[in-house]
Amino acid sequence: MKKHNIFKSIPLIIGVSFVTVLTIMMLVSLFYTPYSPNAMDPSDRLAQPSFTHLFGTDNFGRDIFSRVMQGSQTAFLIGFSAVSIGLFFGFLIGACAGYFGGWIDELSMRIIDAMMALPGILFAIMLISVFETGIRNTIIALGIMSIPSFARIVRSGFIQVKQFDFVKASIAKGAGSFRIIFQHILPNVTSPILVAVTLSFSGSVLAEAGLSYLGLGVQPPDPSWGRMLKEAQPFMSTAPWYVILTGLFITFMVLGFNLLSDGIRDLQDKKS
Amino acid sequence: MSQPLLSVQNLDVSFTFQDGDYAALKNISFSVYPKEIVGIVGESGCGKSLTSHAILGMLPTNAMIKKGSIQYRGTDLVSLTNEEWQSIRGSAISMIFQEPMTSLNPLLTIGRQISEVLKKHTGFCNKEIKEMTIALMKEVGLPRAEELYRAYPHQLSGGMRQRVVIAIALIGEADLVIADEPTTALDVTIQLQILELFRKLKQTRNTSLVFISHDWGVIRKVCDRVIVMYAGHIVEEGPIEEILQHPKHPYTQGLIQSIPDYKKRGEPLHTIPGRVPALRERRGGCPFVDRCSLRMDICQTTYPEGKKHGNHQVKCHLYAQEAINI
């Protein structure tokens, strides 16, 4: 692949810069935030953005910028873990279904269909209300939610690559199923998987924000963008920057990963 | 003659469709002896590739061996389990595919794809495997082997890729290699080089080869013996020169007459009218009857018995009488 292709894709450039900035912000927040994210200052409630408080303060006088920074940790943690769970099980199910076909395919795809029939967010709400709220259960619920899309993408990739001659050739070399799946087919389906990973990452971040907004996701004192939105709601007219700035960061995160996946798909299309 | 390396006896293979089973290979019997190159010729759809896939246990999922046996050095391959097959493929019997462009994994280096066979079947250490791989790459005529070891398939030309595919088939020291139209995708000058490579390898490595092709020129260049297939049957078998000089079956005669030749310049090229009957159209009797110019009444109803004329064997009613005389 030629280098200049990468720089020609505008969505990719924007996506990569958003994601890079957010990643840096998240890494910095691990060591440094301007104020302690949970330090309250009742004398300085709902302050406007200024040089002392870049994004202003909330109804308890906490620094919003520090809380947004801290919240990015939760967003990345949830996105990363939910995608990992979804990818792991989705790959396993999709690879077996696509490679072996037959009744294995039929059975696992019907289960996936059943999972897809439930709206993802409702499914997550159901899981969370049966167990309990908190980061761990949010991650598990969002992870399970993203299994079907991974399984379908991996399965269709496997079905496509399986019939290539080089797979037949590796059977003729004496290779077993395990070797064929991981050595020969997997490298050839990485780009659709990569697209799905980035897309599912932004989906998970958005779903977490939604759940936390409903009070079902991340619980205090863990900071979360979704819950910050909920907290900002009563002050929308008096302190509009609170809700706007927080919402903007959710947008950046989701948009960044969506554009990234678009860009990767563009590159892939150009290649083929 | 010595013991055959591969012996296929009365092999029947059928495809299962929703409306029933259809025989794709009928009563296939042939043997391959050590250090022998056997050609299989026939039109598309005659069962050449199916035969080769059956020998490697790689039949499509809807195809099944109905009866018969495939013996390799005395062991019956038909009853092998999946694990047993895996240890045979690549190390005892290996295969060269038709399309060098698609039979290599585009994302793995050449070296890795060749050495994979050794990693699977032997216990050599990585350094030894690399040395053996590079030595073989040189033997099959790949220039700059050390450099190409790290190259990817798209950096190679068609001829070089086919040499890589050949190296993959040979590295496990398989004594039987099945080549499914290995030169069809190459241009003629490269074709000639590859065919010479096959002849050389037969001498140096004692490999037997089953060479599938529809090109008589190619078959004549490399093969010792040739099997002519038609619609899932073997119709004629014998030494290559004997068949080319004295083809007996009307189908073989037709095939040989349709080879372009400079002596026939200006004349229209001979063709066999009609086409190979599709699986569902095959009935009893001789499969070639509808296209045969010498057909008799018996051809419609009875399948001809195989008649031996020395080492030349033919299945046609025309020779029923003659064979008795011999």
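Chains as they are written, first to last, in my numbering: chain A, 1 to 272; chain B, 273 to 598. Cβ coordinates follow ideal geometry from the N, Cα and C atoms, glycine included.
The stretch 412-425 of chain B in contact with the stretch 250-268 of chain A per 3-pair CB rule at 8 Å: Short answer: they don't touch.
Paired residues, beta bridge with E508 (chain B) - DSSP: B:V500 and B:V586
Any C-beta of chain B under 8 Å from that of P240 (chain A): no
Nearest-angstrom beta carbon gap, S480 (chain B) and V304 (chain B) [assumed within contact, 8 Å]: 5 Å
Cutoff 6 Å; reference I112 (chain A); Cβ partners in own chain excluding five residues on either side: P148 and A151
Buried/exposed call for T574 (chain B), threshold 16 Cβ in 10 Å: exposed
8 Å Cβ cutoff, Q434 (chain B) in contact with chain A: no
CA-to-CA distance, Q48 (chain A) to P42 (chain A), given in whole angstroms: Between P42 (chain A) and Q48 (chain A), the C-alpha separation is close to 14 Å.
Contact list for L379 (chain B) against chain A, beta-carbon separation under 7 Å: P187 and N188
Residue burial classification, H589 (chain B) (beta-carbon count within 10 angstroms, cutoff 16): buried
Contact set between K173 (chain A) and chain B, taken where Cβ atoms lie within less than 8 Å: Under the 8 Å cutoff, chain B gives R361, G362, S366, E388, V389, K392, I440 and G444.
Complete beta strand (DSSP E) runs within the stretch 311-375 of chain B (minimum length 3 residues, chain order): Within the stretch 311-375 of chain B, the complete beta strand (DSSP E) runs of at least 3 residues fall at 335-344 and 365-368.
Chain B contacts from the stretch 148-165 of chain A (Cβ-Cβ distance under 7 Å): F164 and D165
For Q281 (chain B): DSSP bridge partner residues: Within the DSSP bridge table, the entry for Q281 (chain B) names B:S341 as partners.
Beta-carbon spacing of S200 (chain A), S156 (chain A) below 8 Å: No. Outside cutoff.
Partner residues on chain B for G176 (chain A), Cβ-Cβ distance less than 7 Å: Q358
Length at least 4, wholly inside the stretch 159-194 of chain A: the alpha helix (DSSP H) runs in chain order: 165-172
Member of A:V83, A:M69, A:M126 and A:V243 whose CA lies at the smallest distance from the CA of M25 (chain A): It is A:M69 whose Cα lies nearest to the Cα of M25 (chain A).
Strand pairing of V482 (chain B), partner residues [DSSP]: In DSSP, V482 (chain B) forms a bridge with B:V310 and B:I450.
Those residues which DSSP pairs with S530 (chain B) across a bridge: The partner list for S530 (chain B) (beta bridge, DSSP) is empty, contrary to what the question assumes.
Sheet register partners of V304 (chain B) (DSSP bridge): B:L278
Same chain, Cβ closer than 6 Å to H542 (chain B), neighbours up to 5 away in sequence not counted: So the qualifying residues of the chain are Q529 and S530.
Residue from B:L458, B:G430, B:G413 and B:N583 with nearest C-alpha to A439 (chain B): B:G413
L379 (chain B) (DSSP reduced to helix, strand or coil): coil
Local conformation of N299 (chain B) per DSSP, three classes: In the structure shown, N299 (chain B) sits in a strand (DSSP, three-state: E or B).
Residue-chain proximity (L376 (chain B), chain A), Cβ-Cβ < 8 Å: yes
Reduced DSSP category for H542 (chain B) - H, G, I as helix; E, B as strand; rest coil: If DSSP states are grouped into helix, strand and coil, H542 (chain B) belongs with coil.
Residues near G578 (chain B) in its chain [Cβ-Cβ closer than 7 Å; skip 5 each side]: Q585 and K587
Positions along the stretch 57-79 of chain A whose CB lies within less than 9 Å of some CB in chain B: none
Spatial neighbours of R242 (chain B) in its chain, beta-carbon cut-off 8 Å, leaving aside the 5 residues before and after: The question about residue 242 (chain B) has no answer here: the residues shown for chain B are numbered 273 through 598.
K536 (chain B), enclosing alpha helix (DSSP H) - first and last residue: Counting along the chain, K536 (chain B) falls outside any alpha helix (DSSP H), and DSSP gives it neither H nor E.
Neighbourhood of L408 (chain B) by C-beta, 8 Å cutoff - its chain only, sequence neighbours within 5 removed: I386, A439, L442 and I443
Limits of the unbroken beta strand (DSSP E) element including K520 (chain B): Unbroken run through K520 (chain B): none, as it is neither H nor E.
DSSP three-state assignment for Y294 (chain B), whether helix, strand or coil: strand
Proximal chain B residues relative to K284 (chain A), where beta-carbon distance stays under 8 Å: What is shown of chain A runs 1 to 272, which leaves residue 284 (chain A) out entirely.
Euclidean distance between Cα positions of S375 (chain B) and F369 (chain B): Their backbone Cα atoms lie some 7 Å apart in a straight line.
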